[in-house]
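Visitor: In my numbering, the protein residues as written are 4 to 184.
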Amino acid sequence: MEYVGTYLIQTQAEGFGHAATSFSEITFEMDAIPPWGKCFRRRGNNVILKDSTGGEDCMRCFHLTLKAPNIIQIHTEGLGKCYTKEEAVKATCPDDRAVHERKFKEIMLYRKQDLKNPLASDQTFCPISGKFRFTYTASNGEFRCDQTMSELSNCPVGNTLGVKFRQCSFPDMGKYFIVLS
């Protein structure tokens, strides 16, 4: 029940010498996580999902950890592997020690903001409190803010982080981020 909702999963692709970041949506239903499958078994944080859409059963084990009300961490052997026998898939379920030792593929999911009801996802207040000035350098100096005119702030709303870039090597701009955790 606590997992039900729509989440974003970040993917990166290389193309034309640059890395491009994109997001895909994953929806957690009461008894399924399309497109990964329907809930077959659950034991503790491990969930075995069964996908029968390809004609033959495909089962995978996922270790789910609710890191914060808006963030789910998943550990799995990988999305490219699946099993037809329950005993075989159970043997791939991550235990807490294997998760801690990072022996499995990690997937982070971030709850999607509901535009119709922006307060639907839990609000987490930003631990950075107040206004701060900063300098900035990125892409081997291609993007720079050498003067301390740029500003970082959680004002006037405590669950957002505002970044204002001023007098930089690129046009002035502002970005606002909603704090997830």
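Glycine is no exception: its CB is placed at the ideal position from the N, C-alpha and C atoms.
Please read all numbers here as calculations on a predicted model, not as lab measurements.
1) Helix or strand or just coil, what does DSSP make of Asp-60?
2) Once the 5 residues before and after Ser-156 are set aside, which same chain residues still bring their CB inside 6 Å of it?
3) Alpha carbon to alpha carbon, what distance is there between Lys-70 and Phe-57?
4) State the start and end residues of the unbroken beta strand (DSSP E) segment that holds Arg-46.
5) Considering only the alpha carbon of each residue, which of Met-62, Phe-31 and Phe-168 lies closest to Cys-85?
6) For Thr-87, which residues from the same chain have a beta carbon less than 8 Å from its beta carbon, with the 5 sequence-adjacent residues on both sides left out?
7) I need the straight-line Cα distance from Val-50 to Phe-107, nearest angstrom please.
8) From Asp-54 to Pro-37, what does the alpha carbon distance come to, in whole angstroms?
9) Take Arg-46 as the anchor and find which of Met-152, Lys-178 and Ala-94 has the nearest alpha-carbon.
10) Considering just the uninterrupted stretch of the alpha helix (DSSP H) at Lys-93, what are its terminal residues?
11) Starting from Arg-114, trace the beta strand (DSSP E) in both directions and tell me its first and last residue.
12) What is the DSSP secondary structure of Val-182, counted as helix, strand or coil?
Guide: In brief:
1) coil
2) Lys-134 and Gly-165
3) Before going further, note that residue 57 is Gly rather than Phe in the sequence given. For Gly-57 and Lys-70, the distance between alpha carbons rounds to 32 Å.
4) 40-46
5) Met-62
6) Glu-59, Asp-60, Cys-61 and Met-62
7) 15 Å
8) 9 Å
9) Ala-94
10) 89-93
11) 108-114
12) coil
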